[in-house]
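Peer 1: Provided herewith is a single structure, encoded as structure tokens, for subsequent inquiry.
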Amino acid sequence: MIFFLIFLGTFLIMECITWFTHKYVMHGSMWYFHADHHQPKYANIFERNDIFFVIFAAPSIALFYYGVEGGLNYKFFIGLGIMFYGFCYFMIHDVLIHQRFKWFKHTNNKYLIGLRKAHKVHHKHLGKAHGECFGMLFVPFKYYKI
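Numbered according to numbering that gives the first Met the number 0, the sequence shown terminates at residue 145, and the numbering increases by one at each position without gaps.
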């Protein structure tokens, strides 16, 4: 039970970390890597912005390694929470919202439509300033109105 709570807590904390990183790092000192993501059309299949998947995956991989060293421990479940959040982020952001993969083109789900609306509001700003809606899985309730 404690391992599940560690996993769940890590998953929830990742949304806060993502919001902070998106607002203050991606739209701050690492804008160079995130800027191409805010352009209307992508020139290539990969973006410089994809480096953030590697940056977030690295601690998860390390935690998996140290979480099984000498027996299964809490570090493994922290790594699992980070990984599962990354998977959800990928499915929502890259598959559902940006359609980088054409797996789910249509949805009537109010939550998913709200996520899409909030992300469109975020992308209306092509520069790094004046952004809003920096979260991914939890966005203001006003976007859930249809």
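Note that CB positions come from ideal geometry on N, CA and C, so glycine has one too. None of the values given here were measured: they were computed from a predicted structure.
Comparing alpha-carbon positions, which option in G69, F63, F86 and F89 lies nearest I77?
Peer 2: The shortest C-alpha separation from I77 is found at F63.
Peer 1: Assuming A117 and V94 are in contact, meaning their beta carbons sit under 8 Å apart, how far apart are those beta carbons, in whole angstroms?
Peer 2: That pair is no contact at about 16 Å.
Peer 1: Tell me which residue opens and which closes the alpha helix (DSSP H) that H215 is part of.
Peer 2: Since the first and last residues shown for the chain are 0 and 145, residue 215 lies out of range.
Peer 1: According to DSSP, is H105 helix, strand or coil?
Peer 2: Looking at H105 - three-state DSSP - the assignment turns out to be coil, as it is neither helix nor strand.
Peer 1: Is it right to say S28 is buried, meaning 16 or more other beta carbons lie within 10 angstroms of its own, or is it exposed?
Peer 2: When all chains shown are included, S28 counts as exposed.
Peer 1: How should F19 be labelled, buried or exposed, when 16 other C-beta atoms within 10 angstroms of its C-beta is the threshold for buried?
Peer 2: Exposed.
Peer 1: What's the gap between the Cα of I112 and the Cα of H33?
Peer 2: Roughly 24 Å separates the two Cα atoms.
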